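The structure appears right after this line, and notes come after that.
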Amino acid sequence: MSRRDKSDKTTGPAKAARGRSRVVNTQPEAGQGRSAKSRRTREPIESGSWTASFVFRHRAGNIVIFLALGIAAVQLFNLQVPQAAGLRAEAASQLKVTDVEKAVRGSIVDRNFDKLAFTIEARALTFQPVKIRKQLTEAKEKSPTAPDPDKRLTQIATEVAAKLNNKPDAATLLKKLRSNETFVYLARAVDPAIADAITKKFPEIGAERQDLRQYPGGALAANIVGGIDWDGHGLLGLEDSMDGKLSGTDGSITYDRGSDGVVIPGSYRNKHDAVNGSTIELTIDDDIQYYVQQQVQQAKDMSGAKDVSAVVLDAKTGEVLAMSNDNTFDPSQDIGRQQDKQMGNLAVTSPYEPGSVNKIVTASSVIEYGLSNPDEVLQVPGSINMGGVTVGDAWSHGVMPYTTTGVFGKSSNVGTLMLAQRIGPERYYDMLGKFGLGQRTNVGLPGESAGLVPPIDQWSGSTFSNLPIGQGLSMTLLQMTGMYQAIANDGVRIPPRIIKATIASDGTRTEEPQPAGIRVVAPETARTVRNMFRAIVQRDPMGYQQGTGAPAAVDGYQIAGKTGTAQQINPACGCYYSDVYWITFAGMAPADNPRYVIGIMMNNPQRNPDGTPGHSAAPLFHNIAAWLLQRQNIPLSADPGAPLILQAT
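Start counting the sequence shown at 1067; every next residue gets the next number (our numbering).
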């Protein structure tokens, strides 16, 4: 049987189907019949017999199709799977909510825990100008009875300004409401009750918590305490330098919301409680600070000085009891609008040439090294040539028989340089370092200057003729007062500090480490110098035995101190002005048992602090010392002290 015969055995539907699947073209061409040849040519196809080439093409086609489908599947996977993951993440993020609990800023208090700065809860009023105006416009288009958008904004501005006592006023608010910003603050530091009333009446306005910093004393100690910006971060003073401890740590909690905005039960997680900021306890006494600040401002106004500053230290501990500048800003008001006020702290940031106050270094050195004694009589000429420079006293005189005590009591430049020559540059330079000059006190206040002491290897021939009389070097008022604290404390200098302790929100108290004392001179040397410097405030109707700072005296108490007058540098020529001065005073009260050390700096006063003719800081020292001794009920000096001989007869 032939292949055709075998194939013919297939009958019915199966045959027909097989014929349809294999036949390419079974119809004869027009006008032609089916010849035997044509039938033979087509028989292999009609019979289902596969040629090698067709099988190859068929398999290759299948492979191509499978590859195309595979590539499409991979591309579909690459497109859909990551997108699905992203969509799932986006959906999850839309459900996930994290609420932040703001930490309350810590307080700043004085040594008696009177608050100088603290925080109360407040609100900031917010508005979304573009969004709200669009909503108001759409509402008006849908309903003629809806309020006119501009009239609504005007109403909001007018009524909100009235509730805020016109701070800001209606015009300012309306400008913000009409702005093209997406978000604006309408007002800050708003009382919560007032904010609630406003947002209830005007739902277009939002309110967010924004704590309000309170400064109950206004400008009191502002040069120390400083201030914050509108976001509650430290901007000036201790608010800035202690911002990390005052700020605390915000808390947070994460949870999920459903599409209806309802919290999904059991979804709370990652809860972190807020840790409120620490309280900073200072060494200052706000009562002393208030009085000193008042006296400083009065002295500035009466004397015509450009600036006046004062520092009060505890003689035994070096703690700062008061540190005052004139024209201090008020942190309870907008700091940005107080550009005419003193924003810094001159007592630590602004060094100056101290003048004769620096003569305590020479006095301490000659006594410490046994180079003189208080009663030695020196024949002091009217001038001296030292290092190629001729230096004279502030008054003309011939040879004067001044005692060593009298050299300082009369503030003789010539006598001081005669004694400095005995000390020598090396020992003198070493003593400057012991007194803390040329180095920061690290009191804990921002912007502190180290002042300037020229390195000894850079001294010229004239340097040693300037330094002992307080020219050619600079110091801050705090450094200057610290020098006298060393003598008040029997020769031990305690670096000043103003931060007493830090108290965490849980009540844990951490005392600020007490600075280690530096031995400057022996106790006996310090006591001798204290007694010698009583000569500065000594009175004598005849004038021979009167010191240069008699107005600093306080009846009933021994007072020791030193006046200072230093020419200021003219920046135009790098030379000294002939009529522009730094006027200083530093002293101890009482001298026989020191409790307080007071430093005064006046920048070019035209008169005395009380307005009388003269250029002396002694009257301001007197006012502060007398008030302190009386306020603290310090016993009168048991011994007024024997009269001192300044000028031998």
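Quick reminder that beta carbons are idealized off the backbone N, C-alpha and C, glycines included. Just so you know, these numbers come straight off a predicted model, no measurement behind them.
Inset, instruction - Would you kindly work out how many angstroms separate the C-alpha atoms of G1343 and T1185, rounded to a whole number? - result: As a first step, residue 1343 is located in the sequence shown; it is residue number 277 there, counting from the start. As a first step, residue 1185 is located in the sequence shown; it is residue number 119 there, counting from the start. Cα-Cα distance, rounded: 10 Å.
Legend entry - CB-CB length for R1600 against Q1624, believed under 8 Å: For this step, residue 1600 is matched to residue 534 along the sequence shown. For this step, residue 1624 is matched to residue 558 along the sequence shown. Right, the Cβ-Cβ distance comes to about 6 Å (below 8 Å), so this counts as a contact.
Legend entry - Neighbourhood of T1568 by C-beta, 8 Å cutoff - its chain only, sequence neighbours within 5 removed: Numbered from its first residue, the sequence shown carries residue 1568 at position 502. Cβ within range, chain order: K1311, S1344, T1345, I1346, E1347, R1575, T1576, E1578.
Inset, instruction - Please report how far the alpha carbon of K1407 lies from the alpha carbon of Y1356, in whole angstroms. - result: Position 341 of the sequence shown, counting from 1, holds the residue named residue 1407. Position 290 of the sequence shown, counting from 1, holds the residue named residue 1356. The straight-line gap from Cα to Cα measures roughly 18 Å.
Inset, instruction - For the segment 1538–1556 and the segment 1316–1331, state whether three or more C-beta atom pairs, one from each stretch, are separated by less than 8 Å. - result: no
Inset, instruction - Please confirm if the segment 1456–1465 is in contact with the segment 1537–1544, defined as three or more CB-CB distances below 8 Å between the two stretches. - result: no
Legend entry - L1543, DSSP secondary structure in three states: For the purposes of this step, residue 1543 is taken as residue 477 along the sequence shown, with counting starting at 1. Residue state, collapsed to three classes: helix.
Inset, instruction - Would you tell me roughly how many angstroms separate the C-alpha atoms of K1229 and T1265, rounded to the nearest one? - result: By 1-based counting over the sequence shown, the position of residue 1229 is 163. By 1-based counting over the sequence shown, the position of residue 1265 is 199. Looking at the two C-alpha atoms, the distance is approximately 12 Å.
Inset, instruction - Consult DSSP for Q1093 and reduce its assignment to one of helix, strand or coil. - result: The residue you call residue 1093 lines up with position 27 of the sequence shown. Note that Q1093 has pLDDT 41, beneath the 50 cutoff, so the model's placement of it is unreliable and the number below is only indicative. Of the three classes helix, strand and coil, the one that applies to Q1093 here is coil, per DSSP.
Inset, instruction - Mind checking which residues open and close the alpha helix (DSSP H) that includes Y1356? - result: Taking the first residue of the sequence shown as position 1, residue 1356 is located at position 290. 1352–1369 is the extent of the alpha helix (DSSP H) around Y1356.
Legend entry - Rounded Cβ spacing between T1415 and S1515 (contact assumed at less than 8 Å): Numbered from its first residue, the sequence shown carries residue 1415 at position 349. Numbered from its first residue, the sequence shown carries residue 1515 at position 449. Going by Cβ atoms, the distance from T1415 to S1515 rounds to 6 Å, so yes, they are a contact pair.
Legend entry - DSSP three-state assignment for G1548, whether helix, strand or coil: In the sequence shown, residue 1548 corresponds to position 482, counting from 1. Helix at G1548.
Inset, instruction - Output the residue ranges of the beta strand (DSSP E) runs that lie fully inside the segment 1502–1577 and measure 3 residues or longer, sorted by chain position. - result: 1565–1569, 1575–1577
Inset, instruction - Ignore the nearest five residues each way along the sequence and tell me which others in R1105's own chain have a CB closer than 7 Å to its CB. - result: As a position in the sequence shown, residue 1105 is number 39, starting the count at 1. Because R1105 carries a pLDDT of 42, less than 50, the predicted location of this residue cannot be relied on, and the following value inherits that uncertainty. Excluding sequence neighbours, R1105 sits near nothing in its chain.
Legend entry - Exposure label - R1559; buried when at least 16 CB within 10 Å: Numbered from its first residue, the sequence shown carries residue 1559 at position 493. R1559 comes out buried.
Legend entry - Endpoints, alpha helix (DSSP H) assigned at D1326: Translated into positions along the sequence shown, residue 1326 becomes position 260. Segment: none, D1326 is in no alpha helix (DSSP H) and carries neither H nor E.
Inset, instruction - Indicate the three-state DSSP secondary structure (helix, strand or coil) for N1246 in the structure shown. - result: Walking along the sequence shown from the start, residue 1246 turns up at place 180. N1246 falls in the coil class under three-state DSSP.
Inset, instruction - Have a look at the DSSP bridge pairing and note the partners of H1338. - result: In the sequence shown, the residue the question calls residue 1338 occupies position 272. Note: H1338 sits in a beta bridge opposite S1318.
Inset, instruction - Indicate whether the contact test is met: 3 or more Cβ pairs, each with one atom in the segment 1363–1381 and one in the segment 1659–1672, closer than 8 Å. - result: yes
Inset, instruction - Per DSSP, which residues does F1651 bridge with? Please list them. - result: Sequence index remark: in the sequence shown, residue 1651 carries index 585 (1-based). Per DSSP, T1629, I1666.
Inset, instruction - Could you check how far apart the C-beta atoms of L1485 and V1432 are, in whole angstroms? I think they sit under 8 Å. - result: Here residue 1485 refers to the residue found at position 419 of the sequence shown. Here residue 1432 refers to the residue found at position 366 of the sequence shown. Rounded, the Cβ-Cβ distance is 5 Å, consistent with contact.
Inset, instruction - Could you tell me the distance, in whole angstroms, from the CA atom of P1521 to the CA atom of T1507? - result: Taking the sequence shown and counting its residues from 1, the one referred to as residue 1521 is at position 455. Taking the sequence shown and counting its residues from 1, the one referred to as residue 1507 is at position 441. Answer to the nearest angstrom: the Cα atoms are 19 Å apart.
Inset, instruction - Would you mind listing the beta strand (DSSP E) stretches within the segment 1430–1479 that are 3+ residues and don't spill past its ends, in chain order? - result: 1443–1446, 1449–1452, 1455–1458, 1466–1469
Legend entry - A1652 burial status per 10 Å Cβ neighbour count (16 or more: buried): Residue 1652 sits at position 586 when you count from the first residue of the sequence shown. Flag for A1652 reads buried.
Legend entry - CB contact flag (L1702, Y1662, <9 Å): Walking along the sequence shown from the start, residue 1702 turns up at place 636. Walking along the sequence shown from the start, residue 1662 turns up at place 596. Contact: no.
Legend entry - Closest Cα partner of T1470 within the set I1450, E1492, T1428: For the purposes of this step, residue 1470 is taken as residue 404 along the sequence shown, with counting starting at 1. Ranking I1450, E1492, T1428 by Cα distance to T1470 puts T1428 first.
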